[in-house]
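Q: Residue 1 is where the sequence shown starts when you use UniProt numbering, and the numbers rise one by one after that.
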Amino acid sequence: MKRLITELAELDGLFDQYAERFGRDQTPYRNHVYRVINLVAAQRTLTGDDLRKLELAGFFHDAGIWLAGTFDYLPPSARLACHYLDEHGLQSWSDEIHAMIVQHHKLTRSDAPAETLVEAFRRADWIDLSLGLLRFGVNRERLREINRRFPNAGFHALLLGLSARQLITQPWRPFPMLRL
């Protein structure tokens with residue numbers, strides 16, 4: 001079995017940079033990001049720049065919750081990622097990373113071909129969000145290994161709290177991040 005991805009310098013640097021903004025939610029979110037990255041790697045071979053793209057999409061995909069202060073976080077998360085890419089001379093990745101972020105909560109297959117990072121990222125996030133009820137071919141042993149290394153640390157409870165707050169404050173938009 002392939003070794004888990006446990007340390008990514010750019011990703012960890014971003015978490016360090018925004019530690020104050022994440023506060024006590026940093027460990028749950030960081031572990032979620034590492035779980036998603038490892039779940040993508042469990043679905044397909046990563047080649048070329050795939051891992052760095054996953055680092056960046058992973059960090060930013062839900063970051064709008066904390067960095068933009070909204071539960072309708074897909075557009076601000078994608079904007080933050082594209083701004084980061086522009087600042088670091090990675091504009092050529094913008095379309096793909098934007099798609100990874102805005103489509104990661106799609107209930108149906110992404111608009112991208114099945115073998116792309118976009119679709120693998122969407123499936124990985126759903127595997128983690130569903131606590132492994134959805135597995136998209138990832139075997140249980142690998143899923144358990146990923147979850148042991150990067151425990152939930154209250155991530156799903158955090159999501160439930162955010163969802164409850166959204167339901168109370170905007171009942172007409174209970175889950176603004178979901179897409180068909």
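Idealized CB from N, CA, C, for every residue including glycine.
Which word fits R144, buried or exposed, when buried means at least 16 other C-beta atoms lie within 10 angstroms of its C-beta?
A: Answer is exposed; the Cβ neighbour count stays below 16.
Q: Do Y34 and T6 have their C-beta atoms within less than 9 Å of each other?
A: Yes. Within cutoff.
Q: Given residue 192, which residues of its chain have a CB within under 8 Å of its CB, disregarding the five upstream and five downstream residues?
A: With the chain covering only 1 through 180, there is no way to say anything about residue 192.
Q: Between the alpha carbons of I37 and L54, how many angstroms are there, rounded?
A: Computed Cα separation, rounded: 6 Å.
Q: How would you label M100, buried or exposed, when you count the other beta carbons within 10 angstroms and need 16 or more for buried?
A: Label assigned to M100: buried.
Q: The alpha helix (DSSP H) with D16 in it runs from where to where?
A: Residues 9 to 17.
Q: Only counting runs of 3 or more residues, tell me where the beta strand (DSSP E) segments fall wholly within the segment 109 to 178, in order along the chain.
A: Complete beta strand (DSSP E) runs here, min 3: none at all.
Q: Go ahead and pull the three-state DSSP assignment for K53.
A: It is helical.
Q: Determine the contact status of E163 and F71, defining contact as a CB-CB distance below 9 Å.
A: Inspection of the sequence shows that residue 163 is occupied by Ser rather than by Glu. In contact: S163 and F71 (Cβ atoms closer than 9 Å).
Q: May I ask which residues mark the beginning and end of the alpha helix (DSSP H) holding G64?
A: Start and end: 64 to 67.
Q: Pick from L158, G161, P151, I146: whose alpha carbon is nearest that of A42?
A: Nearest C-alpha to A42: I146.
Q: Could you work out which residue in F155, R148, R165, A9 is closest to L51 when comparing CA atoms only?
A: For L51, the nearest C-alpha among the options comes from A9.
Q: Return the Cβ separation of L80 and A63 in integer angstroms, given the expectation that the two are a contact with Cβ distance under 8 Å.
A: Between A63 and L80 the Cβ distance is about 6 Å, and since that is below 8 Å, they are a contact.
Q: Distance, Cα to Cα, R165 vs A120?
A: If you take the alpha carbons of R165 and A120, they lie about 30 Å apart.
Q: Within 10 angstroms of its Cβ, does H88 collect 16 or more other Cβ (buried), or is it exposed?
A: H88 is exposed by the Cβ-count criterion.
Q: Please report the distance separating the alpha-carbon of N31 from that of E115.
A: Straight-line Cα distance between these residues: approximately 25 Å.
Q: If T27 and A153 are in contact, beta carbons under 8 Å, what's the gap, nearest whole angstrom?
A: That pair is a contact at about 5 Å.
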